[in-house]
Every structure is written in structure tokens, then in C-alpha cells.
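Encoded as C-alpha cells, the structure appears first; notes follow it.
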Amino acid sequence: MEGAETSPKFIFYDLDAKRKSDRIDDFVFPDWDPKNERVVFLGPHDDDVLLGAGYLLLYCLREGAEVYVAIFCDGSGGYSRPEDKDTIVDVRKVETINAYSRVGVKKENIVRFDYPDFCLIDYLSLKLPTGQYASTHDMVEKFRKIRPTRLIVPNEYREHLDHRAASWIGSFTGPQVGDSVLADLGEPFRIRSYLMYSVWGDFSPEDALVKGRPVDLRGNLVIVASPDVEEMIADALREFKSQTKIIEGLVKKRQERLINGRYLEVYMRYDPRPEMDLSPYKDAISEIDKGV
């Protein structure tokens, strides 16, 4: 990333409009202004963002945007040997800093919420029955300080319960960062764009069915990157030495991304809070009233 001639090349593909561009502002992030962008990637666990959204992360960094990685779970379940149980959290924190530093994410831009592994769904609220504040409070407070312009959330469909919970937190709490609620947690700030990434599983077929794409094209956006981009991500993932047995299959499977000498990464553009269009209902009522 030292100069334009050596910068990794990225191409964006819009599967709905069947178009491509090397500019992210053409159809991925409208009104993209890299010097004023704060892009937050939500990771259920520490390695998930690199596994599923590494190319986009590198692109945003190359463009000069401020990039944050927000990790929801503490890593306490990610031990492959019983003797590592009491040390795994601290080990993974060090590995996380090392991994994201390799691709250029600032240490201070790694945000940790430290909810226990396999339990994130239990924190999907403003406050627990015990009175302890939970994800809605914590995310609204933190993100009103960061003021994200774009939010990248994990896949909600049949991957891992923590992934689904993190996705729901992003999709439901993200818009509330900009709502005039919870006024004591900071000034509201509207997040402009949302993308969903796959860590390892396919997306829900909902968008494909609604938009009329083949159901095996469940994502609607693809980023294709040059081999040096994939190598950067692979190098960063090697820093998660404690997770070798857990993610080795996913790392090997990355070779399936190869297409014509480049590598692809699939996303879903979506609106987390779609407005209802009443026009079709009005048309339907009008037809019934006319006796059609």
C-alpha cells in the first residue's frame, strides 16, 4: 500500500444491476468521502472480520478512511485444549492486536465489548433482568462517540448463534444510534450505509427471492481483489495461533474464492429499517373498488 502503482486492485460487482466499478461510491457506499469516513466492522469474535470482510477492510484503509473493528465476544470459548481455558482470553487479545495491526488497523480502534462466548444472544437488550446494562446501551453509547458513517455487520443466517446476535445488534441498534432516544448516552448520529458479510455460511435467500435473482446468488454485492490482498489477510489470520485448529478448515477453504487469478468476497447490501411503500396497497384497493 505504499503507492498507487503497488496498491492492491479492487473491483466491485453489483449483482442486481449487473455492473462493475473500481469505485466504491458508484453503488456500494453513496457519497463516499474517505477523509471523513468512519467505517465500523462488527465482529462476533476476534477473527471473524478478517475471515469475512478483510478485503473491504483493506480497501477502506487504503482509501484513508478511519476503520474500527468492534468485537462483541471475549473469546473465552475458543480453546482447543483444556489447559488453555484460563488463559485463552488474554492470549486472544494479544493475537487480535497483532493480527489487525498487520493490516493497518490502529490499536486504539479495536473496540471490545467482552460479552462471554456463546452467550451474546442473552445480551440483546438495553438492560438485563439483573439491572446490568447490555448491548443496546453499550453500543449506542460507544458508537455515538465514534460516529460511524458505515456499518458492516456479520451474517445472521445459520452460521453461529453469536453471529446472529451480533448481526441483530447491528441491524436493530445501529439505527437507534441516530434516533432521539437514550439522550444521556450521547448526541445521536445517523449511520448512512449498512453491509452484511459472510464469515463462512450462505446468506438468507430472502433478498434473492424478493429481487428475482437465482437463489444461489444470495449475496447482491461482490468484491474481487488481487492475490496480494488475499495474502495480506492470510498473513494476518496466521497471528491467531491459538485458533489454528478451529479455523484451519476456513483458511483452507479460502482457495475456493479464486476466480481468474483474483479472489472474491461476497456481501449483502440492505436497509436495516425499510420504510413501507403504501402505493401497491393503494393500487390494490383501487382495483378492488373498481371491481377488477
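Under our numbering, the first residue of the sequence shown carries the number -16, and numbering increases by one thereafter. Backbone N, C-alpha and C fix where the C-beta goes; we use that ideal spot for every residue, glycine too. Bear in mind the structure is a predicted one, so any value in this text is a computation, not a measurement.
Quiz item: When DSSP labels each residue in this structure, what does residue 254 get in the three-state scheme?
Solution: As a working mapping, residue 254 is identified with position 271 in the sequence shown. Coil, per DSSP.
Quiz prompt | Anticipated Cβ contact below 8 Å, residue 26 with residue 50, distance rounded | solution = For the purposes of this step, residue 26 is taken as the residue at position 43 of the sequence shown. For the purposes of this step, residue 50 is taken as the residue at position 67 of the sequence shown. Not quite, the Cβ-Cβ distance comes to about 12 Å (not below 8 Å), so this is no contact.
Quiz item: For residue 207, does the three-state DSSP call read helix, strand or coil?
Solution: For the purposes of this step, residue 207 is identified with residue 224 of the sequence shown, where counting begins at 1. Of the three classes helix, strand and coil, the one that applies to residue 207 here is strand, per DSSP.
Quiz item: With 16 as the cutoff for other CB atoms within 10 Å, does residue 174 come out buried or exposed?
Solution: The residue labelled residue 174 in the question sits at position 191 within the sequence shown. That one is buried.
Exercise. Could you tell me whether the segment 247 to 259 touches the segment 195 to 208, using the rule of 3 or more Cβ pairs below 8 Å?
Key: yes
Quiz prompt | Residue span of the alpha helix (DSSP H) that contains residue 267, given as start and end | solution = Mapped onto the sequence shown, residue 267 falls at position 284. Its alpha helix (DSSP H) spans residues 262 to 272.
Practice problem: Sort 1, 93 and 123 by Cα distance to residue 166 and report the nearest one. | Solution: On the sequence shown, residue 166 is found 183 positions in, with the first residue counted as 1. Among 1, 93 and 123, the Cα nearest to that of residue 166 is on 123.
Exercise. In the DSSP assignment, find the alpha helix (DSSP H) that holds residue 33 and state where it starts and stops.
Key: Taking the first residue of the sequence shown as 1, we reach residue 33 at position 50. Unbroken alpha helix (DSSP H) run through residue 33: 31 to 46.
Exercise. Measure the Cβ-Cβ separation of residue 78 and residue 224 and say whether it is below 8 Å.
Key: Taking the first residue of the sequence shown as position 1, residue 78 is located at position 95. Taking the first residue of the sequence shown as position 1, residue 224 is located at position 241. Contact: yes.
Quiz item: Among residues of its own chain, excluding the 5 on either side of residue 157, which ones have a beta-carbon nearer than 7 Å to its beta-carbon?
Solution: As a working mapping, residue 157 is identified with position 174 in the sequence shown. Excluding positions up to five away in sequence, the list reads 134, 174, 177 and 255.
Self-check item: Spatial distance of residue 112 from residue 106 (CA atoms)
Solution: Your numbering for residue 112 matches position 129 in the sequence shown. Your numbering for residue 106 matches position 123 in the sequence shown. In a straight line, the C-alpha of residue 112 is about 10 Å away from that of residue 106.
Quiz item: Excluding sequence positions up to five away, which residues of its chain have a Cβ less than 6 Å from the Cβ of residue 59?
Solution: For the purposes of this step, residue 59 is taken as residue 76 along the sequence shown, with counting starting at 1. The answer, listed in chain order, is 72, 99 and 100.
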